[in-house]
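Taken in sequence, the protein lines are chains A and B.
Just so you know, we're using the numbering used here here: the first sequence kicks off at 1 and counts up by one.
Just so you know, we're using the numbering used here here: the second sequence kicks off at 115 and counts up by one.
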Amino acid sequence: DSGVTQTPKHLITATGQRVTLRCSPRSGDLSVYWYQQSLDQGLQFLIQYYNGEERAKGNILERFSAQQFPDLHSELNLSSLELGDSALYFCASSVGAAGNQPQHFGDGTRLSIL
Amino acid sequence: AQRVTQPEKLLSVFKGAPVELKCNYSYSGSPELFWYVQYSRQRLQLLLRHISRESIKGFTADLNKGETSFHLKKPFAQEEDSAMYYCVHRGSRLTFGEGTQLTVNP
């Protein structure tokens, strides 16, 4: 158990909808990272938050947004969903702000768009 | 562009056979590279890192600067090795290769 918790495990919704994915980092970790894993593009870094502030941005669409709350849990918001957004979304956490530290991954949320 | 490349999306071997998962990189200098593994329906886990020169679950990986490679090897594959393997570069952030799905058949 990595200590990183993601909810929900599975989410099925329709195109045009909006969903929120939640991540609780490992105790003591201040950084949270979001990744998208799709069949055709592998694992893509989306965004990193450190202690409530956005730290780094990757290949995140404008339809997607994230935030990290004072209790350090993070939410990834996906809006105007398209079929291509179907993927496994992973959250990871690490102690510090540097994006190259060892990261501990959650089980992921599988998002299916119908 | 600087990147990590895993040329094989799928690799299938029989139990007991040697296995090599290829990884090439285009970063200059002395890159820090890792292998992550994702077993079916489980989270990504760090398998090994090149700086520690360790052997985990029988797997080893050597950084070859001349060939700019960091191939993952195991002399005798086991069925439980079936998983997705990612070669990862540690720069300002972790950059993942496309991944190789390894299937070890009985």
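Think of the CB as a built atom: it goes at the ideal place given N, C-alpha and C, for glycine as much as any other residue.
Of all the CB atoms in chain A, is at least one closer than 7 Å to the CB of residue i?
| i | result |
| --- | --- |
| R157/B | yes |
| R117/B | no |
| G213/B | yes |
| F184/B | no |
| F210/B | yes |
Within its chain, find whatever has a CB closer than 8 Å to the CB of residue i; leave out the 5 residues flanking it on each side and keep chain order.
| i | result |
| --- | --- |
| T13/A | V19, L81, L111, S112, I113 and L114 |
Would you check if the distance between the CB atom of residue i and the CB atom of residue j is smaller than 7 Å?
| i | j | result |
| --- | --- | --- |
| N138/B | T182/B | yes |
| E134/B | H203/B | no |
| S93/A | V4/A | yes |
| K136/B | E193/B | no |
Look at the alpha carbon of residue i and the alpha carbon of residue j, and state the distance between them as a whole number of angstroms.
| i | j | result |
| --- | --- | --- |
| L158/B | A98/A | 19 Å |
| R131/A | N51/A | Here chain A comprises residues numbered 1 to 114, so residue 131/A is not present and cannot be evaluated. |
| I47/A | H73/A | 14 Å |
| P102/A | I60/A | 22 Å |
| K179/B | G16/A | 48 Å |
| T127/B | L78/A | Reading the sequence as shown, one finds Val at residue 127/B and not Thr. Each residue's Cα considered, the two are about 39 Å apart. |
| G143/B | G205/B | 12 Å |
| D176/B | L11/A | 40 Å |
| F148/B | P189/B | 19 Å |
| P191/B | T119/B | It should be noted that the sequence gives Ala, not Pro, for residue 191/B. Between A191/B and T119/B, the C-alpha separation is close to 22 Å. |
| V151/B | S24/A | 22 Å |
Report the neighbours of residue i on chain D: residues whose CB is nearer than 9 Å to its CB, in chain order.
| i | result |
| --- | --- |
| R207/B | In summary, chain D is missing from the structure at hand, where the protein chains are A and B. |
Using C-beta distances below 6 Å, list every residue in its chain close to residue i, excluding the 5 sequence neighbours before and after it, in chain order.
| i | result |
| --- | --- |
| T174/B | K187 |
| L124/B | Q215 |
Can you list, in chain order, the residues of its chain with a C-beta nearer than 7 Å to that of residue i? Leave out the 5 residues immediately preceding and following it.
| i | result |
| --- | --- |
| A116/A | Outside the shown range of chain A, which is 1 to 114, sits residue 116/A, and nothing can be said about it. |
Any C-beta of chain B sitting closer than 7 Å to the C-beta of residue i?
| i | result |
| --- | --- |
| G42/A | yes |
| F105/A | yes |
Would you please state the rounded distance, in angstroms, between the beta carbons of residue i and residue j? I believe it to be under 8 Å.
| i | j | result |
| --- | --- | --- |
| R26/A | H104/A | 5 Å |
| C91/A | Y49/A | Not confirmed; about 10 Å, so no contact. |
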